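*Asks:* I have a structure I would like to understand better, so I am pasting it below and will then ask my questions one at a time.
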Amino acid sequence: MDHQSGAFLAVRDLVVEYTAEGQVVHAVNGVSFDLERGKTFGLVGETGAGKTSIAKAIMRILPDPPAKIKSGEICLDGEDLLKISERAMRRVRGRKVSMIFQDPMTALNPIMKVGDQIAEVIKLHNNITWREANRRAVNMLEMVGIPGERFGEYPHQFSGGMKQRVVIAMALACSPELLLADEPTTALDVTIQAQVLEMINKLKRDFNTSMIMISHNLGVVADVCDDLGVIYAGEIVELGSKEAIFDRPAHPYSVGLFGAVPTLDEEKKRLNPIAGLPPDPSNLPTGCHFGPRCPLATEQCKSGTIALREVEPAHFCRCIQVASREG
Amino acid sequence: MPALVEARNLKKYFETPRGLLHAVDDVSFSIEQGKTMGIVGESGCGKSTLGRVIIHLLDSTGGSIYFGGENVTTVNSRRLRRLREDMKIIFQDPYSSLNPRMTVEQTIMEPLIISGRFTRKEGQEEAERLMAMVGIDQRLRLSYPHELDGGRRQRVGIARALALNPKFIVCDEPVSALDVSIQAQVLNLLQDLQDQYGLTYMFVTHDLSVVRHISDDICVMYLGQLVETSPSKELFRRPLHPYTQALISAVPTIDTRHKKERIILEGEIVSPINPKPHCRFAKRCKYESEKCHRPQQLEEVLPNHFVACCRVREINGL
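For the protein sequence lines, the chains are H and W, in the order given. By numbering that gives the first Met the number 0, the letter at position 178 of the first sequence is numbered 177, and the numbering carries on one by one without gaps. By numbering that gives the first Met the number 0, the letter at position 280 of the second sequence is numbered 279, and the numbering carries on one by one without gaps.
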């Protein structure tokens with residue numbers, strides 16, 4: 000990939016490690032991707048693959064210790080977020096980049112009125128009066144479909160879906176240019192999930208917000224993303240447009256993942272699980288991290304680092320067994 | 000095939016400070032021997048409560064449950080204890096449903112010892128056999144739950160449920176806490192065990208793709224009531240109740256070529272506490288009319304396809 004790309008967000012060779020009890024956990028191992036303005040990039044993978052660590056690294060909210068960003072660049076609009084001061088970063092958070100967390104039950108302050116929680120963000124980033132901040136907070140609530148008169152209620156008075164909408168309203172309060180959504184609908188029921196996805200898609204259209212969508216749910220990713228990265232053991236193993244990856248998955252892990260889920264569209268008598276378990280991130284296998292579970296693995300896969308290779312234009316795969324496709 | 004499990008007008012109400020919560024309200028269905036009944040619905044619809052009531056882990060408020068022709072709600076406690084050997088449950092969360100201070104072997108052996116039909120030695124041999132059945136390595140015999148990953152813990156839960164050779168197992172969201180690659184392993188295991196031992200399952204889940212994959216028949220629940228039931232294939236090919244239609248359309252798919260029309264429900268879910276006798280879905284239903292403000296009856300709209308909606312024929316042009 001081109002190092003000097005003019006992308007709105009360019010993540011380069013990001014490495015995140017956690018140190019616990021003298022052991023080093025390799026959570027993110029050299030992740031790179033680009034995101035254009037107004038586009039949505041999806042990160043799919045299973046628990047512990049490093050998805051959330053990537054998002055938290057972009058926000059610079061990884062708990063240090065135990066987490067450390069060892070190396071890499073996160074360029075937002077040409078500025079490396081890893082090089083700026085904490086003070087400058089505080090202006091970026093909420094204003095330019097904001098994050099929707101997975102669990103709306105824990106992302107809200109239980110003893111603060113929801114309206115005040117939204118107004119707080121607005122007041123902090125804008126030179127305005129509290130009165131004006133409150134007025135904008137009411138607008139935000141209404142935009143996410145919550146009546147403005149519920150401004151003075153507390154989180155426990157809302158249902159799960161409504162709480163998540165409050166969290167979204169808060170994340171969008173200062174019209175961020177980049178929105179990081181970490182499993183935003185995982186805690187929600189499907190009909191409520193449909194409402195939230197619809198709203199996210201509308202907001203993207205209306206404000207041209209760029210977004211990173213993190214999910215283990217392939218359907219959710221397919222719904223909102225333009226491009227995606229499949230992540231395994233802290234590495235992007237496949238990268239490309241969602242059409243390329245869903246229609247023509249190349250990496251054995253992606254193929255395995257798609258074969259393992261039951262879907263509504265097709266009849267499967269039996270699922271094809273991926274054999275084995277994800278590797279221990281404090282003791283990753285050498286060579287290809289997926290090797291021990293891979294049906295195609297050979298001796299060759301165990302040596303050296305494996306690079307992302309282009310299997311078709313703009314579709315990359317980290318596997319030496321998958322030959323380039325013709326055309 | 001005769002029904003192994005049958006619920007008739009089953010009710011479970013909970014008293015709350017604000018009134019009676021109708022968790023399961025007048026639900027009737029039956030499950031044939033060797034089949035899987037999927038119970039699907041969103042959080043708070045009463046599906047897990049139904050799973051607990053059906054094996055009498057919770058007392059029912061009204062109605063009856065027949066297990067192999069015997070009314071479980073009226074048997075004495077000694078008989079119930081024997082019946083319990085045939086009716087088991089696998090819980091959603093393998094992290095909280097296992098005793099953290101018991102080893103794998105102790106966990107699996109406990110029901111065997113309690114039954115009084117196994118000596119410690121026989122219990123150990125039986126536990127070994129059960130571990131092999133669910134694919135847990137013998138070397139994990141003395142491990143504690145915290146040493147196991149989610150998939151293995153769920154296998155321990157399954158092994159424990161299989162102790163004493165039950166006929167019927169309630170699977171309450173058994174794969175929801177697992178990652179997809181592990182989820183497939185556990186679903187396959189449950190299917191294999193069913194094929195080998197002729198087990199009957201009641202599979203409770205909110206995941207429509209999973210329920211479609213595993214079930215022969217499906218019940219769709221909404222706020223304590225059964226709104227639609229039919230064979231699984233039929234339900235997904237031709238959902239008739241407006242709620243089922245919305246539910247199925249709401250599932251995002253990975254098919255990038257055929258964008259399907261999504262029905263977005265408006266409005267919030269009404270409270271299950273002291274509900275009005277209306278159709279409980281009416282508030283979110285685009286077909287709501289005067290007629291919907293009275294109790295809805297489950298009726299056979301198409302062969303083997305029951306729906307509780309007074310406007311089902313006009314909505315679906317039947």
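Glycine included, C-beta positions come from ideal geometry on N, C-alpha and C. All values derive from a computational prediction rather than experimental measurement.
Take D222(H) as the anchor and find which of I110(H), P272(H), I199(H) has the nearest alpha-carbon.
*Replies:* Mapped onto the first sequence, residue 222(H) falls at position 223. Checked all of I110(H), P272(H), I199(H); the closest Cα to D222(H) is I199(H).
*Asks:* May I ask which residues mark the beginning and end of the alpha helix (DSSP H) holding Q123(W)?
*Replies:* Along the second sequence, read from residue 1 onward, the residue named residue 123(W) stands at position 124. Where Q123(W) is concerned, the enclosing alpha helix (DSSP H) stretches over 119–133.
*Asks:* With 7 Å set as the bound, which would you pick, yes or no: does the beta-carbon of L332(H) sit closer than that to a beta-carbon of chain W?
*Replies:* Residue 332(H) lies beyond the residue range present for chain H, which begins at 0 and ends at 326; the question has no answer from this structure.
*Asks:* Along the chain, where does the beta strand (DSSP E) containing I121(H) start, and where does it finish?
*Replies:* For this step, residue 121(H) is matched to residue 122 along the first sequence. Counting along the chain, I121(H) falls outside any beta strand (DSSP E), though it belongs to the alpha helix (DSSP H) covering 113–124.
*Asks:* Give the single residue among D102(H), E16(H), L295(H) whose Cα lies nearest to the Cα of H186(H).
*Replies:* For the purposes of this step, residue 186(H) is taken as residue 187 along the first sequence, with counting starting at 1. Sequence inspection shows Ala at residue 186(H); the His mentioned does not correspond to that position. Measuring from the Cα of A186(H), the nearest candidate turns out to be D102(H).
*Asks:* Tell me, please, whether the CB atom of L107(H) is closer than 7 Å to any CB atom in chain W?
*Replies:* The residue given as residue 107(H) occupies position 108 in the first sequence. Not closer than 7 Å to any Cβ of chain W, the Cβ of L107(H) fails to qualify, so no.
*Asks:* Please list, in chain order, the chain W residues whose beta carbon lies closer than 9 Å to that of K241(H).
*Replies:* Mapped onto the first sequence, residue 241(H) falls at position 242. Near K241(H) (Cβ distances below 9 Å), the residues of chain W are I253, T255.
*Asks:* Can you tell which of Q224(W), A249(W), S248(W), V210(W) has the C-alpha that lies nearest to the C-alpha of P230(W)?
*Replies:* As a position in the second sequence, residue 230(W) is number 231, starting the count at 1. Nearest of Q224(W), A249(W), S248(W), V210(W) to P230(W), Cα basis: V210(W).
*Asks:* Counting only Cβ pairs nearer than 9 Å, list the residues of chain H close to N273(W).
*Replies:* Taking the second sequence and counting its residues from 1, the one referred to as residue 273(W) is at position 274. Going along chain H, no residue has its Cβ under 9 Å from N273(W), so there is no contact; the nearest lies around 18 Å.
*Asks:* In three-state terms, what does DSSP make of D191(W)?
*Replies:* Stepping through the second sequence from its first residue, residue 191(W) is reached at position 192. DSSP, read as helix, strand or coil, puts D191(W) in helix.
*Asks:* Ignore the nearest five residues each way along the sequence and tell me which others in S114(W)'s own chain have a CB closer than 7 Å to its CB.
*Replies:* Taking the first residue of the second sequence as 1, we reach residue 114(W) at position 115. The answer, listed in chain order, is E84, L163.
*Asks:* Going along chain H, which residues have a C-beta under 7 Å from Q184(W)?
*Replies:* Mapped onto the second sequence, residue 184(W) falls at position 185. Near Q184(W) (Cβ distances below 7 Å), the residues of chain H are P272.
*Asks:* List the endpoints of the continuous alpha helix (DSSP H) containing L196(H).
*Replies:* Position 197 of the first sequence holds residue 196(H). L196(H) -> alpha helix (DSSP H) spans 189–206.
*Asks:* I'd like the span of the beta strand (DSSP E) that includes M58(H), first residue to last.
*Replies:* For the purposes of this step, residue 58(H) is taken as the residue at position 59 of the first sequence. Careful: M58(H) lies outside any beta strand (DSSP E), inside the alpha helix (DSSP H) at 50–58.
*Asks:* Quick check on V321(H): does DSSP put it in helix, strand or coil?
*Replies:* The residue labelled residue 321(H) in the question sits at position 322 within the first sequence. Coil, per DSSP.
*Asks:* So, does the region 246–266 of chain H touch the region 285–300 of chain H, judging by three or more C-beta pairs under 8 Å?
*Replies:* yes
*Asks:* For a cutoff of 7 Å on Cβ pairs, would you count F245(H) as touching chain W?
*Replies:* Residue numbering aside, residue 245(H) sits at position 246 when the first sequence is read from its first letter. So, interface residue.
*Asks:* Evaluate D181(H) with the Cβ neighbour count: other Cβ atoms within 10 Å of its Cβ, from every protein chain shown; 16 or more gives buried, anything less gives exposed.
*Replies:* Position 182 of the first sequence, counting from 1, holds the residue named residue 181(H). Flag for D181(H) reads buried.
*Asks:* Can you pull out the residues from the region 214–244 of chain W whose beta carbon lies closer than 8 Å to at least one beta carbon of chain H?
*Replies:* The region 214–244 of chain W vs chain H, Cβ under 8 Å: F235.
*Asks:* Quick one, which of V137(H), L196(H), R89(H) has its alpha-carbon nearest P146(H)'s?
*Replies:* Here residue 146(H) is taken as the residue at index 147 of the first sequence, counted from 1. Nearest of V137(H), L196(H), R89(H) to P146(H), Cα basis: V137(H).
*Asks:* Could you say which of G255(H), V229(H), G290(H) lies nearest to S31(H) if we only look at CA atoms?
*Replies:* Looking up residue 31(H) in the first sequence gives position 32. The option with the nearest alpha carbon to S31(H) is V229(H).
*Asks:* Give me the Cβ distance between T18(H) and P65(H), rounded to the nearest whole Å; I'm assuming they're in contact under 8 Å.
*Replies:* The sequence position of residue 18(H) within the first sequence is 19, counting from 1. The sequence position of residue 65(H) within the first sequence is 66, counting from 1. About 5 Å separates the two Cβ atoms, so the contact holds.
*Asks:* At a cut of 8 Å, does the region 210–227 of chain W reach the region 21–37 of chain W through at least three beta carbon pairs?
*Replies:* yes
*Asks:* Whole angstroms is fine: what's the gap from Q123(W)'s alpha carbon to K203(H)'s?
*Replies:* Along the second sequence, one-based indexing puts residue 123(W) at 124. Along the first sequence, one-based indexing puts residue 203(H) at 204. Rounded to the nearest angstrom, the two C-alpha atoms are 59 Å apart.
*Asks:* May I ask you to report which of helix, strand or coil DSSP gives Y12(W)?
*Replies:* Here residue 12(W) refers to the residue found at position 13 when the second sequence is read from its first residue. Strand.
*Asks:* What residues match up with S229(W) in a beta bridge as DSSP calls it?
*Replies:* Here residue 229(W) refers to the residue found at position 230 of the second sequence. Paired residues: I217(W).
*Asks:* Identify which residue in S63(W), S29(W), P276(W), E121(W) has its Cα closest to the Cα of Q295(W).
*Replies:* Residue numbering aside, residue 295(W) sits at position 296 when the second sequence is read from its first letter. It is P276(W) whose Cα lies nearest to the Cα of Q295(W).
*Asks:* Given that R138(W) touches chain H, what residues does it touch there, using C-beta distances under 7 Å?
*Replies:* Locating residue 138(W) in the second sequence gives position 139, counting from the first residue. Here the premise fails: no neighbours, minimum Cβ distance about 15 Å.
*Asks:* Checking 7 Å against the spacing of the C-beta atoms, do I213(H) and K67(H) come in under that value?
*Replies:* Taking the first sequence and counting its residues from 1, one reaches residue 213(H) at position 214. Taking the first sequence and counting its residues from 1, one reaches residue 67(H) at position 68. It is not a contact, given that the beta carbons lie outside the stated cut-off.
*Asks:* Consider the Cβ of Q22(H): report whether some Cβ of chain W lies at a distance smaller than 7 Å.
*Replies:* Counting from 1 along the first sequence, the entry for residue 22(H) is found at position 23. Taking a beta-carbon distance threshold of 7 Å, Q22(H) does not count as an interface residue toward chain W.
*Asks:* According to the neighbour-count rule (16 or more other Cβ atoms, all chains shown, within 10 Å of its Cβ), is L354(W) buried or exposed?
*Replies:* Residue coverage of chain W in this structure runs from 0 to 317, which leaves residue 354(W) outside it and unanswerable.
*Asks:* Should the region 175–191 of chain W be called in touch with the region 259–273 of chain W, which here means at least 3 C-beta pairs below 8 Å?
*Replies:* Verdict: no, contact absent.
*Asks:* R312(W) versus chain H: which residues are under 8 Å apart at the beta carbon?
*Replies:* Sequence index remark: in the second sequence, residue 312(W) carries index 313 (1-based). Listed along chain H, no residue sits closer than 8 Å to R312(W) by beta-carbon distance, the nearest being about 24 Å off.
*Asks:* Compute the Euclidean distance between the alpha carbons of K290(W) and C278(W), then round it to the nearest angstrom.
*Replies:* As a working note, residue 290(W) is residue 291 in the second sequence. As a working note, residue 278(W) is residue 279 in the second sequence. Distance between the alpha carbons of K290(W) and C278(W) is about 9 Å.
*Asks:* Any beta carbon of chain W sitting closer than 7 Å to that of A259(H)?
*Replies:* The sequence position of residue 259(H) within the first sequence is 260, counting from 1. So yes, A259(H) belongs to the interface.
*Asks:* Under 7 Å between C-beta atoms, does H212(W) make it to chain H?
*Replies:* Against the second sequence, residue 212(W) aligns to sequence position 213. Yes - at least one Cβ of chain H is within 7 Å of the one on H212(W).
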